[in-house]
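Encoded as structure tokens, the structure appears first; notes follow it.
Residue numbers (my numbering): 155 to 441.
Written as structure tokens, this is what we have:
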């Protein structure tokens, strides 16, 4: 009887010690990209039990916004503290979170219209295979999710709509949904990238990089094969675009979650979004 009690006490101590452990974040990792012809940075969150288990984990790709890099969600988004708490409280499953850098050299998550900077190709053909072979990640659709804020929210929309076969869930936050028209795209490219896009290239590129166009041209079944959680503040300057996406999904009768909360385009808003994102993607992982 005494040995049984000692064993139970020891088990409780080990269990509580395990729960008190923190996950780990590494925000200065890199690997070589042949597509982009340079070293590319990324950050990663590893859950508290990563070092003490042999299991493989689901993965969330978490994209930063314009002006930040792979450290944005670490420094300002407090991904370590928020994810540790969500896991400890039972609101999220243990997962790996990968945070790529889409700021170095050129800004953005997509292939350049000129074809000389193919970041989206890099993401799918090099980054995903690299991290999912280096870390113990379950590399199947049902265990892979994507989320991001602002520019990264746009990346979340486009990546999941371009490749619905690869993601179980997508969570765009305060997302830039793409240019409203071909003319706006041409003006944007001239202003920020300092070159002119001809009409033929613009006509081809635009519908593949605008969430509304993609939704219109895809089937309900294709879109609905991804679980959607869309969140934008009522004072956010991107509120209109997110609302239009919500209406487009409603029109197609696509199941999705749409949240409008009090707030603007700020880290205080996104820090409050992250626990709900972790809960939502975890529910998808557990299907």
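Cβ coordinates follow ideal geometry from the N, Cα and C atoms, glycine included.
Taking 8 Å as the cut-off, is the beta-carbon of residue i closer than that to any non-hydrogen atom of the ligand SAM?
| i | result |
| --- | --- |
| residue 434 | In the structure shown, the ligand SAM is absent, as is every other ligand, since no ligand is present at all. |
Tell whether a beta-carbon distance below 9 Å holds between residue i and residue j.
| i | j | result |
| --- | --- | --- |
| residue 432 | residue 245 | yes |
| residue 398 | residue 419 | no |
| residue 190 | residue 259 | yes |
| residue 219 | residue 304 | yes |
| residue 241 | residue 212 | no |
| residue 318 | residue 267 | no |
| residue 221 | residue 263 | no |
| residue 363 | residue 333 | yes |
| residue 345 | residue 385 | no |
| residue 430 | residue 383 | yes |
| residue 286 | residue 313 | no |
Buried or exposed: residue i, going by 16 or more other Cβ atoms within 10 Å of its Cβ?
| i | result |
| --- | --- |
| residue 354 | exposed |
| residue 135 | A question about residue 135 goes unanswered here, because the residues of the chain that appear run from 155 up to 441. |
| residue 208 | exposed |
| residue 343 | buried |
| residue 321 | buried |
| residue 328 | buried |
| residue 349 | exposed |
| residue 371 | exposed |
| residue 265 | buried |
| residue 187 | buried |
| residue 269 | exposed |
| residue 206 | exposed |
Here's a check: name, in chain order, each residue in its chain whose Cβ is nearer than 6 Å to the Cβ of residue i, leaving out the five neighbours to either side.
| i | result |
| --- | --- |
| residue 421 | 230 |
| residue 233 | 199, 227 |
| residue 195 | 184, 224, 255 |
| residue 423 | 387, 417 |
| residue 360 | 336, 339 |
| residue 435 | 214, 299, 323 |
| residue 403 | 410 |
| residue 137 | Since the first and last residues shown for the chain are 155 and 441, residue 137 lies out of range. |
So what does DSSP say about residue i, is it helix, strand or coil?
| i | result |
| --- | --- |
| residue 283 | helix |
| residue 251 | strand |
| residue 396 | helix |
| residue 342 | helix |
| residue 275 | helix |
| residue 264 | coil |
| residue 411 | strand |
| residue 387 | strand |
| residue 381 | strand |
Check the DSSP bridge columns for residue i and list the partner residues they point to.
| i | result |
| --- | --- |
| residue 227 | Answer by DSSP bridge pairing: none, since residue 227 is not bridged. |
| residue 311 | According to DSSP, which records beta bridges pairwise, residue 311 is partnered with nothing at all. |
| residue 184 | 195 |
| residue 299 | 214, 323 |
| residue 190 | Its beta-bridge partners do not exist; DSSP assigns none. |
| residue 179 | 199 |
| residue 291 | 211 |
Got a sec? Which residues, its chain only, sit under 7 Å from residue i by beta carbon, not counting five neighbours each side?
| i | result |
| --- | --- |
| residue 225 | 181, 197 |
So, for residue i: in the same chain, excluding its five sequence neighbours on each side, which residues have a beta-carbon less than 8 Å away from its beta-carbon?
| i | result |
| --- | --- |
| residue 165 | Only weak support is given to the placement of residue 165: the predicted model assigns it a pLDDT of 49, under 50, and the value that follows is read from those uncertain coordinates. Closer than 8 Å at the Cβ level, and outside the excluded window around residue 165, lies no residue. |
| residue 461 | Nothing can be reported for residue 461: it is not among the residues displayed for the chain, which extend from 155 to 441. |
| residue 177 | 199, 200, 201, 202, 204, 234, 237, 238, 241 |
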